[in-house]
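For what it's worth, our numbering labels the leading residue of the sequence shown as 127, then goes sequentially. Glycine residues also receive a C-beta, built at the ideal position from the N, C-alpha and C atoms. Each remark here refers to the structure printed beneath this line.
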Amino acid sequence: MIYVTLVGFISEPDSVIYEPIGYVYGLLYLGYFPLIPIFLLRLKEVITLKEVTYPKKLINVLGVVGLSFGVALNHLTYSFVIEPNNMLQCPAKLGYKENLVQEYVTDIKVCR
């Protein structure tokens with residue numbers, strides 16, 4: 127099977143990074159989604175040489191959409207990649223106990 131991830135298309139991944147609560151990806155996309163209209167409006171401002179007002183409501187809505195997208199993407203990774211491949215979580219003694227994210231691998235020897 128071929129999976130679509132943040133880095134592109136991969137087939138049968140050896141390791142996947144997952145965070146149980148989902149706030150790491152959520153915060154990542156919370157910051158990314160509102161930047162899209164800001165950059166586009168700034169480009170329009172530079173091209174037309176006129177001051178543009180930034181729609182605060184749109185930026186706030188896109189922040190919530192980005193947060194939801196990040197959390198959903200995190201949980202979809204678990205549902206469609208980790209569970210079907212019967213991946214194992216790297217043990218805590220290898221340094222993953224204190225981290226926010228956990229690495230899931232197909233073979234325990236792949237853990238760093």
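For E177, which three-state DSSP category applies? Here E177 carries a coil assignment [DSSP, helix/strand/coil].
Distance between P181 and E229 (C-alpha atoms, nearest Å): Taking the straight line joining both Cα atoms gives about 39 Å.
Return the chain-ordered list of same chain residues with a C-beta closer than 6 Å to the C-beta of P160, the five sequence neighbours on each side being excluded. Cβ within range, chain order: I185, L188 and G189.
Looking at the structure shown, is V227 part of a helix, part of a strand, or coil, going by DSSP? DSSP places V227 in coil when its eight states are reduced to three.
How would you write the range of the beta strand (DSSP E) that S194 sits in, first residue to last? No beta strand (DSSP E) holds S194; the alpha helix (DSSP H) holding it covers K182 to T203.
Kindly identify the DSSP beta-bridge partner or partners of I143. I143 has E229 as its beta-bridge partners, per DSSP.
Is there contact here, the segment 135-149 with the segment 164-184, by at least three beta-carbon pairs under 8 Å? Contact check between the segment 135-149 and the segment 164-184: fewer than three CB pairs, one atom from each, fall below 8 Å, which does not count as touching.
Going by the CB atoms, is the gap between G157 and N200 shorter than 8 Å? Not a contact, by the Cβ cut-off of 8 Å.
Got a sec, what are the start and stop residues for the alpha helix (DSSP H) V150 sits in? In the DSSP annotation of this structure, the continuous segment of the alpha helix (DSSP H) that includes V150 starts and ends at Y149 to Y158.
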